[in-house]
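Undergrad: Residue numbers for the sequence shown follow our numbering, beginning at 151 and rising by one.
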Amino acid sequence: MRRASVSIASNIAEGDERSTNRESVRFFYIAKGSVAELMTQLELSRAVDYIKDDDFKRLLYECEIIGRMLGKLIKVRSSHYP
């Protein structure tokens, strides 16, 4: 879970520093995939009682928000391909 969380932030940062929008979008998609990976890990953690239901709901909600923000960022950057 830590690795997926760090991957989200790292890929957003790397994508933001790329020289073209096309390259940036590629890293934003990777970050979005890491959000999905983290959401899956949260589901599994709840299923085996590693996390409380309240924590699960809060963290899942935050993942959904980040996923939506990345989707909008991808849409904006994709519309500016050279």
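For glycine and all other residues, C-beta sits at the position ideal for the given N, C-alpha and C.
Closest to R218 by CA distance: which of D204, F206, L192 and Y179 is it?
TA: Considering only alpha carbons, the answer is Y179.
Undergrad: My output table needs one value for K202: the three-state DSSP class, helix, strand or coil.
TA: Coil at K202, not helix or strand.
Undergrad: From E193 to V156, what distance separates their C-alpha atoms?
TA: So the two alpha carbons sit approximately 18 Å from each other.
Undergrad: Closer than 8 Å by C-beta to I216: which residues in its own chain qualify, once you throw out the five before and the five after it? Chain order, please.
TA: Contacts found: I158 and V185.
Undergrad: Kindly indicate the opening and closing residues of the alpha helix (DSSP H) around Y231.
TA: Segment: none, Y231 is in no alpha helix (DSSP H) and carries neither H nor E.
Undergrad: Excluding the 5 residues preceding and the 5 following C213 in the sequence, name in chain order all residues of the same chain whose CB lies nearer than 8 Å to its CB.
TA: The answer, listed in chain order, is V185, L188, M189 and L192.
Undergrad: For K182, tell me which candidate among S195, K222, D204 and T170 has the shortest Cα-Cα distance.
TA: Ranking S195, K222, D204 and T170 by Cα distance to K182 puts K222 first.
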